[in-house]
Structure formats: structure tokens, C-alpha cells
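To keep things clear, I will list the structure first and then write my remarks on it.
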Amino acid sequence: MARILAAALVLLLALAAPALAQGKGNSNNKGKAGKADPEITDNEIVRGAAAGVLGGVLGREEREIIHRYFNEHRNTYGKVKPLPPGIRRKVARGGTLPPGIAKQVLPDGLHRQLPQRDGYDYNVVGTDVVLIERATNVIVDILRDVLVGR
706 MARILAAALV
716 LLLALAAPAL
726 AQGKGNSNNK
736 GKAGKADPEI
746 TDNEIVRGAA
756 AGVLGGVLGR
766 EEREIIHRYF
776 NEHRNTYGKV
786 KPLPPGIRRK
796 VARGGTLPPG
806 IAKQVLPDGL
816 HRQLPQRDGY
826 DYNVVGTDVV
836 LIERATNVIV
846 DILRDVLVGR
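First residue of the sequence shown: 706, per the working numbering; consecutive thereafter.
Take a look at the structure:
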């Protein structure tokens, strides 16, 4: 009887070990050095989220419209101040804007050229243009440094 119990215990531990090992490690797909797992890219994470939670990302045409507008209006947009590096790192896809961060709506001429996305707002944050889900304040997509040199 003792042998059967010992064998059952060994078998149970052998089967449970892989399941227990899955829970170990760092969160957010990060390895020992704190770097993201190279198999999962930001684009893949956003694409996966876009299918459900985030609703979608800016398409090629939207990106071109935004870049073209700010290039054509480079001297008329006004003063733009980049975000401090520590805050800028926090402004990322899938995250939320830090509290108190200054955001501006897009110029009306640009906003009219872009497709309307129900429940989403385009904003300028520092030198970047962000698409934010209105209800949750989640950043869906970012165009970095669109306003650099303005």
C-alpha cells in the first residue's frame, strides 16, 4: 500500500511540475535582463488587441494624411514642446495617458480629413499624435515625432 501511495505521489508531482513552472518568471513577457521576449513584437500585441479590446490602429492612409498635414502647416501650428523622457516612455500603445498630461485636439482642417472613429479621439501629446479610446483613455496607436522641428 505504501508503494502505491509513493508511486501515486511521484506521478502527481511529475504531472504537476510543468504546470507549476509556467507560473514562474517575470510578467509582461520579459526575460532575465528585463527585455521583451523577441518572439512577441509590439505590432503583434497591438494587432491582437485591435481585434478585441483596442478596436483598431491607424492605417497607412491615416498616417500619410497626418504627416502630410503637419509638413504643409509646419510654421502655422504653433509652439510644440516634447515630453520629458520619463513621461514619454509611459506614453505607449495599450497604456493610458499619465494624469495631468497636456493633450490637444487635432486642428480642425486635419480632423475633417481623417475618418471618424466612434468612441475614439485623435490628440496631440508633445510631438506625437495619439489615438485614444474615449471611454477608457487607453492609447490605441501613436505616431511618434510627427511635430519634431515645427
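For each residue, glycine too, the CB sits at the ideal point set by N, CA and C.
Opposing strand residues paired with residue i [DSSP bridges]
{"i": "residue 826", "result": "837"}
{"i": "residue 844", "result": "837"}
{"i": "residue 801", "result": "843"}
Residue i burial status per 10 Å Cβ neighbour count (16 or more: buried)
{"i": "residue 810", "result": "exposed"}
{"i": "residue 841", "result": "exposed"}
{"i": "residue 767", "result": "buried"}
{"i": "residue 813", "result": "exposed"}
{"i": "residue 781", "result": "exposed"}
{"i": "residue 831", "result": "buried"}
Backbone secondary structure at residue i - three-state DSSP
{"i": "residue 815", "result": "helix"}
{"i": "residue 806", "result": "coil"}
{"i": "residue 767", "result": "helix"}
{"i": "residue 782", "result": "coil"}
{"i": "residue 736", "result": "Bear in mind that a pLDDT of 42 at residue 736, under 50, signals an unreliable position, so the number given afterwards is only what the model happens to contain. Residue 736: coil per DSSP, three-state reduction."}
{"i": "residue 773", "result": "helix"}
{"i": "residue 793", "result": "helix"}
{"i": "residue 745", "result": "Caution is warranted here: a pLDDT of 33 is assigned to residue 745, below 50, making its placement in the model unreliable, and no coordinate value can be reported."}
Proximity winner among the options, relative to residue i (alpha-carbon distances)
{"i": "residue 851", "options": "794, 790 and 828", "result": "828"}
{"i": "residue 792", "options": "846, 784, 849 and 806", "result": "806"}
6 Å CB neighbourhood of residue i in its chain, flanking five on each side removed
{"i": "residue 815", "result": "774"}
{"i": "residue 795", "result": "803"}
{"i": "residue 853", "result": "832"}
{"i": "residue 788", "result": "831"}
{"i": "residue 783", "result": "none"}
{"i": "residue 808", "result": "828 and 830"}
{"i": "residue 834", "result": "771, 848 and 851"}
Neighbourhood of residue i by C-beta, 8 Å cutoff - its chain only, sequence neighbours within 5 removed
{"i": "residue 839", "result": "824, 825 and 826"}
{"i": "residue 818", "result": "770 and 774"}
Distance cut-off 8 Å: residue i Cβ against heavy atoms of the ligand ATP
{"i": "residue 831", "result": "No copy of the ligand ATP occurs in the structure displayed, which carries no ligand at all."}
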